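Undergrad:
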Amino acid sequence: MQTQDFIAQILAPGLDLCSSHLGIPYSDSAARLLLAIALQETNLRHRYQISRGLWAGPARGWWQFERGGGVRGVMTHHRSSALAQQLCERCHVEFSSRPIWRALEGHDMLAAGFARLLLFTDPHPLPITVDEGWVMYRDRLWRPGKPHPGTWPQHWADASAALRIDP
Numbered sequence: 011m012q013t014q015d016f017i018a019q020i021l022a023p024g025l026d027l028c029s030s031h032l033g034i035p036y037s038d039s040a041a042r043l044l045l046a047i048a049l050q051e052t053n054l055r056h057r058y059q060i061s062r063g064l065w066a067g068p069a070r071g072w073w074q075f076e077r078g079g080g081v082r083g084v085m086t087h088h089r090s091s092a093l094a095q096q097l098c099e100r101c102h103v104e105f106s107s108r109p110i111w112r113a114l115e116g117h118d119m120l121a122a123g124f125a126r127l128l129l130f131t132d133p134h135p136l137p138i139t140v141d142e143g144w145v146m147y148r149d150r151l152w153r154p155g156k157p158h159p160g161t162w163p164q165h166w167a168d169a170s171a172a173l174r175i176d177p
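Numbers in the numbering used here are just positions in the sequence shown, counted from 1, shifted up by 10.
1) Is the stretch 109–128 close to the stretch 78–92, with three or more CB pairs under 8 Å?
2) Are the CB atoms of Ile17 and Ala122 within a distance shorter than 8 Å?
3) Would Met203 and Leu45 qualify as a contact pair, given that the criterion is a beta-carbon distance under 8 Å?
4) Verify whether the separation of the beta carbon atoms of Pro177 and Val140 is less than 8 Å.
5) Among Thr161, Leu114, Asp132, whose alpha-carbon lies nearest the alpha-carbon of Phe124?
6) Rounding to the nearest angstrom, what Cα-Cα distance links Ser39 and Ala169 in this structure?
7) Can you list, in chain order, the residues of its chain with a C-beta nearer than 8 Å to that of Asp132? Leave out the 5 residues immediately preceding and following it.
As structure tokens, this is what we get:
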């Protein structure tokens with residue numbers, strides 16, 4: 011998927027849904043971080059984790075949520091649990107880890123909402139620098155098993171450029 015299509019069809023509507031139905035205001039910092047993470051995790055190519063060639067791994071959606079990781083984390087965190095329930099009701103998805111995890115692969119608004127809610131669980135301010143973004147992504151929220159620090163600066167710069175935000 012092209013970056014501008016992703017922004018127009020998935021990211022912006024997802025953040026609008028979070029704002030209008032969950033009360034989480036739109037933020038350029040959140041948009042940039044979420045776009046950079048989607049680029050880092052999937053390069054906007056795969057809605058499921060590629061594992062051993064063509065087999066689907068345990069992560070789903072543009073932001074690569076695992077059922078027992080990000081899904082469960084958003085569902086149970088004190089800052090996001092009630093909002094995640096509201097999001098699931100709005101998206102017509104049962105508030106249970108398996109149906110949510112399964113839906114993330116094709117329900118872009120749910121995927122964007124869960125990604126935004128995961129950011130909402132972090133007590134630190136949203137990052138404004140590439141290094142702060144990396145720390146939030148790698149160390150506090152997504153905690154990828156195989157981080158690729160060499161690709162992060164370019165994804166951050168691409169997200170900044172696409173959203174017209176100073177890197």
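The beta-carbon is built from N, C-alpha and C at its ideal position, and this holds for glycine as well. Predicted model only: the values in this text are computed from it and were never measured.
TA: According to the structure data:
1) When C-beta atoms of the stretch 109–128 are compared with those of the stretch 78–92, three or more pairs fall below 8 Å, so the two segments count as touching.
2) Going by C-beta atoms, Ala122 is not nearer than 8 Å to Ile17.
3) Residue 203 lies beyond the stretch modelled for the chain, which goes from 11 to 177, so this question has no answer here.
4) Yes, Cβ-Cβ distance for Pro177 and Val140 is below 8 Å.
5) Ranked by Cα distance from Phe124, the first of Thr161, Leu114, Asp132 is Leu114.
6) Approximately 10 Å, taken between the alpha carbons.
7) The residues are Met146, Arg150, Leu151.
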